[in-house]
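Peer 1: Sharing a structure with you now.
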Amino acid sequence: MSDEEITQDKQLYTKLNKDSRFILDPKHDYICRHDKYAKNGDIGDSSYFIQDIWGARKVLENKPSMHYDVGSSVVGFIAHLLAQGQKITLIDIRPMDNNFDTNFLNQKGGISYIQANATLLENIADNSLESISALCSVEHFGLGRYGDPIEPDAWEKALRAFQRVLKPGGKLYFSVPVGQIDKVCFNAHRVYRPQTIIDVLGEMQILEMGYISTLDVVECMKWQKDHLEIYQSCLDSMPEYQNNGNVGLFEFIKK
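For the working numbering, count along the sequence shown from 1 and bump the result up by 808.
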């Protein structure tokens, strides 16, 4: 909204207002200029919107006694899980205060915390977790964007750590940007061929892989009873961008 539009709205409000409790006073102004022209139902980044719903559905269908997460969105994915009473443990190298330790958040669920380097997970025992996620976090590891040390293979170390700590039958829900070639878009993130992720996780079986396209998921791989169905045409048509990729969604189970 322009200054002229705001002034006109103020004048009209003052003319129409009959309630002395709500008289305009400039010291209380809180001008919002952009909402008037925003689309109805604006969801921000559509990829994260779909990703967080996808991840929450997967975890809640599996119903783990405790779900562990590395670096996913707290206001999206984690909030969806909390609303359904899922118990969650966040894993982060940074120290954490007790902001989440409230009566409201602890009802039928709650958030606990483990301080650990996500590329190593040295404080977590082998074959001990039944459910873990990392939604659009690992692609940033080791690039310095968030103050982390430069470590070119941090993403691969993290994947191997996830594989190590999951127990047989445990699930990994994972997302990163995907494309036709592997590349690093310094210092924002990396983009991966789907097979690059699958190859690192040799002790795990891919159950599902797809990528987000607007508000939908294009399915590329799906485990069917005793074999992996691969939809090659969908993989081949996966878009390629200069410095980004569509969000790829992966569900794995440890063998």
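Positions of the beta carbon are idealized from the N, C-alpha and C atoms, including for glycine.
1. What did DSSP end up calling residue 1004 once you bin it into helix, strand or coil?
2. If we count Cβ pairs, one from each stretch, closer than 8 Å, do we get three or more for the stretch 893-907 versus the stretch 823-841?
3. Taking 8 Å as the threshold (C-beta atoms), are residue 946 and residue 966 in contact?
4. If you run the structure through DSSP and keep just helix, strand and coil, what is residue 982?
5. Quick one: measure Cβ to Cβ for residue 970 and residue 940, integer angstroms, because I've assumed they're closer than 8 Å.
6. Please report the Cβ distance between residue 890 and residue 937, rounded to the nearest whole angstrom; I am assuming they are in contact, meaning their Cβ atoms lie under 8 Å.
7. Quick check on this structure: which residue in 1058, 1055, 961 and 848 has the alpha carbon closest to the alpha carbon of residue 926?
8. Which of helix, strand or coil does DSSP assign to residue 871?
9. Looking at residue 1038: is its Cβ nearer than 8 Å to the Cβ of residue 1029?
10. Grab the span of the alpha helix (DSSP H) containing residue 1054 for me, first residue to last.
11. With residue 888 as the anchor, note down where its alpha helix (DSSP H) starts and where it stops.
12. Measuring CA to CA, which of 1048, 1016, 921 and 894 is closest to residue 878?
Peer 2: With the given structure in hand:
1. The residue you call residue 1004 lines up with position 196 of the sequence shown. If DSSP states are grouped into helix, strand and coil, residue 1004 belongs with the helices.
2. no
3. As a first step, residue 966 must be located in the sequence shown, where it is residue number 158. As a first step, residue 946 must be located in the sequence shown, where it is residue number 138. Closer than 8 Å, so yes.
4. The residue labelled residue 982 in the question sits at position 174 within the sequence shown. In the structure shown, residue 982 sits in a strand (DSSP, three-state: E or B).
5. Numbered from 1 along the sequence shown, position 162 holds the residue referred to as residue 970. Numbered from 1 along the sequence shown, position 132 holds the residue referred to as residue 940. About 6 Å separates the two Cβ atoms, so the contact holds.
6. As a working note, residue 890 is residue 82 in the sequence shown. As a working note, residue 937 is residue 129 in the sequence shown. Contact flag wrong, Cβ pair sits at about 19 Å.
7. Here residue 926 refers to the residue found at position 118 when the sequence shown is read from its first residue. Residue 961 is the option with its Cα nearest to residue 926.
8. As a first step, residue 871 must be located in the sequence shown, where it is residue number 63. Here residue 871 sits in coil by DSSP.
9. As a position in the sequence shown, residue 1038 is number 230, starting the count at 1. As a position in the sequence shown, residue 1029 is number 221, starting the count at 1. Yes. Within cutoff.
10. On the sequence shown, residue 1054 is found 246 positions in, with the first residue counted as 1. Here residue 1054 belongs to no alpha helix (DSSP H); instead the beta strand (DSSP E) covers 1054-1062.
11. Locating residue 888 in the sequence shown gives position 80, where the first residue counts as 1. Residues 887-891.
12. Along the sequence shown, one-based indexing puts residue 878 at 70. Measuring from the Cα of residue 878, the nearest candidate turns out to be 921.
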